[in-house]
Structures are given as structure tokens and as C-alpha cells.
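These notes concern the structure reproduced below.
In full-length UniProt numbering, the protein residues as written are 1 to 316.
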């Protein structure tokens with residue numbers, strides 16, 4: 001039975017769902033009908049316990065090899081086959097399982113500003129009613145306790161964004177020519193060029209897919225414009241607040257201040273890893289360490305009914 005020729009391995013909340021949907025439109029590629037089977041995340045049955053909602057998500061894993069191989073059974077002969085599980089980059093054991101099973105596989109990694117990614121991850125779970133902490137910085141402070149308690153990787157807001165560590169390990173297992181790295185912002189801002197680059201990497205004809213499904217892509221205004229607008233509103237609110245009762249003026253300014261400050265509070269968690277990422281890749285990611293280059297709090301609206309990472313096998 002067939003196995004995949006390529007994998008989109010990470011990172012969560014970095015456009016992997018949109019990329020999977022876009023690539024599935026290419027006539028020269030075959031994408032698994034289950035976007036996120038999670039096969040390489042375990043050697044057998046997945047855990048049965050974890051954080052809020054984890055038990056249900058674990059039940060969606062396609063962990064039996066025959067079920068996993070069946071995903072690719074309908075692929076036309078000679079057409080590259082692929083799937084997208086964004087936790088493979090984060091999970092070192094998954095990396096080793098992939099190397100053992102399909103050593104020649106091509107790997108695609110989408111990297112997103114780690115503060116922006118963490119905020120989007122937290123927003124996903126908070127809006128789904130699963131995240132019990134209503135502040136992203138406070139939720140990140142709980143991360144080590146949650147990991148120790150066995151909460152699933154989707155709760156690892158900070159650790160999921162330490163790409164330097166993840167890629168450093170990946171490159172001990174796979175040659176760099178088998179790994180394509182691109183920025184999430186490239187998929188949003190330059191979708192055609194980015195899709196063509198990915199298609200060439202996979203040996204598929206470029207120019208046949210020209211857009212990423214917009215409903216799956218988080219929309220962000222230009223960061224500098226956003227910051228200027230927020231700052232103007234903040235200053236206006238402060239000025240008006242001089243003539244308002246403290247409780248009302250605080251209601252105007254506090255959420256905006258919090259949004260501008262959250263990024264600065266989280267950047268320090270990633271500084272060392274960004275330096276490692278630059279050494280490992282030879283690319284410049286220093287813009288991710290700028291205090292207010294972009295806000296991590298601007299996230300799009302997810303489709304109605306979408307809950308925590310429901311990309312596995314449908315429930316029966």
C-alpha cells in the first residue's frame with residue numbers, strides 16, 4: 001500500500017489548512033482526504049486523557065497503519081501523495097518515526113511569527129470555550145504545568161513556536177534539500193509565488209493553482225498601520241478619559257493597552273530560539289523580535305461550528 005511522498009509538518013496556526021486545501025486543487029498532486037491524520041504522533045493508540053477537549057481529539061487519530069495507507073489508495077499512479085499534520089515538526093519522536101518509515105519524504109514547514117502564532121492558538125481554544133484562562137500571557141505562564149499534566153501539544157503555545165530547536169533536530173534526520181521552509185506571511189501576502197515555489201519543490205507544475213482559499217487564511221492589516229491606528233485610538237481615549245469617570249475611561253483604554261503590551265511580554269520567550277533559527281536556516285528572522293512590528297491579537301473569524309483542531313477522522 002502507498003505512503004505519502006510529502007508531508008506538511010508545521011507549524012499549527014500557520015496556514016497549513018489553507019495550504020492543504022490549495023494543493024488539493026492541483027491536478028498533479030494527491031492530498032489525503034483527511035487533512036490531519038496525525039499518524040506519526042504515536043507508535044500505537046493515542047493517549048486517552050489530557051486537557052479540555054483532548055480526549056475527543058485523540059479519538060480522531062488515524063494510528064493504524066492500514067487506515068493511514070488507505071488515505072492514499074485512490075492516488076493516480078505517479079502522482080505525488082501528501083498529507084498535512086502540523087504537529088510533526090514539533091514532535092521529535094514523530095520526526096524519528098517519519099525518518100524510519102519514509103526516509104525520502106519531502107517536508108514542508110510554514111513558520112509564523114511565534115508571538116502571533118501563540119496568540120492565534122490561544123484565541124482558537126478560548127473562542128471554542130476550551131481555554132480556561134482569559135489572557136494569553138497568563139495562559140502561557142501555565143504552559144509548563146499543562147505539559148507536565150499531559151495536555152496535548154495544541155496547548156503548548158510557547159513551545160510550538162520554538163522553530164529553531166525543532167529544525168535543528170529535524171536536520172539531524174533529513175538532508176536540507178528535502179525540507180522547504182517558508183513564512184506564513186508569504187502565503188498570505190504572496191500566495192501565487194509561494195504556491196509556485198512549493199509546487200516546484202514537490203515536482204509539480206507551477207502556475208496551476210493561483211490562490212489560497214480565503215476562508216482558511218487569517219487576515220491581517222499591515223502591522224505598522226495597525227499600530228499607528230491603535231496608538232491614535234489609545235491617545236484619543238486617554239484624552240477623552242480626562243473628562244470621564246475613571247471606570248469609563250479605563251474601559252476605553254485598557255483593552256488597547258493590553259493588546260499593545262502582550263507582544264512585548266511574550267517576545268522574550270523566543271529571543272534565544274530565533275537566534276538559533278537564524279543559525280540553523282541561514283535566514284534573517286530578526287523582525288520577529290521587534291516590539292510592535294505586528295500585533296499578535298489580530299485573528300480572523302473561524303467558520304461557524306469549528307472547534308479545537310477537528311481535522312482527524314470523523315466521529316462514528
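Think of the CB as a built atom: it goes at the ideal place given N, C-alpha and C, for glycine as much as any other residue.
Item checked: Buried versus exposed, by CB contacts within 10 Å (16 or more), residue 45 -> Classification for residue 45: exposed.
Check: Should the region 2 to 15 be called in touch with the region 152 to 164, which here means at least 3 C-beta pairs below 8 Å?
Finding: Verdict: yes, contact present.
Next item on the list: Below 6 Å CB to CB, which residues in the same chain sit around residue 98 once its five sequence neighbours on both sides are set aside?
Entry: Once the five neighbours on either side are set aside, the close Cβ partners of residue 98 are 40.
Check: Would you call residue 193 buried or exposed, if buried means 16 or more other Cβ atoms sit within 10 Å of its Cβ?
Finding: By the 10 Å Cβ count, residue 193 comes out exposed.
Notebook entry, point to check: Buried or exposed: where does residue 4 fall if 16 or more other Cβ atoms within 10 Å of its Cβ makes it buried?
Noted result: Under this definition residue 4 is a buried residue.
Item checked: Terminal residues of the alpha helix (DSSP H) in which residue 123 lies -> Looking at the DSSP string, the run of the alpha helix (DSSP H) that includes residue 123 is 114 to 127.
Notebook entry, point to check: Is the number of C-beta pairs between the region 164 to 179 and the region 62 to 79 that are closer than 8 Å three or more?
Noted result: No contact exists between the region 164 to 179 and the region 62 to 79.
Item checked: residue 139 and residue 122 closer than 8 Å at C-beta -> Closer than 8 Å, so yes.
Notebook entry, point to check: Is it the case that the Cβ atoms of residue 208 and residue 27 are separated by a distance below 8 Å?
Noted result: In this structure, the beta-carbon distance from residue 208 to residue 27 falls below 8 Å.
Check: Of the residues 266, 180 and 290, which one's Cα is nearest the Cα of residue 281?
Finding: Proximity to residue 281 across 266, 180 and 290 peaks at 180, based on C-alpha coordinates.
Next item on the list: For the beta strand (DSSP E) containing residue 83, list its first residue and its last residue.
Entry: 81 to 84 is the span of the beta strand (DSSP E), which, as asked, contains residue 83.
Check: residue 34 lies in the alpha helix (DSSP H); which residues open and close that run?
Finding: Residue 34 -> no alpha helix (DSSP H), and no H or E assigned at all.
Next item on the list: Take the Cβ of residue 159 as the centre, count every other Cβ of all protein chains shown within 10 Å, and call the residue buried at 16 or more, exposed below.
Entry: With 16 or more other Cβ atoms within 10 Å, it is buried.
Check: By a C-beta neighbour count over all protein chains shown, 10 Å radius and 16 as the cutoff for buried, is residue 95 buried or exposed?
Finding: Looking at its Cβ environment, which holds 16 or more other Cβ atoms inside 10 Å, residue 95 is buried.
Notebook entry, point to check: With which residues is residue 6 paired in a DSSP beta bridge?
Noted result: Partner(s): 82 and 106.
Margin query: To the nearest angstrom, how far is the alpha carbon of residue 187 from that of residue 211?
Written below: Approximately 9 Å, taken between the alpha carbons.
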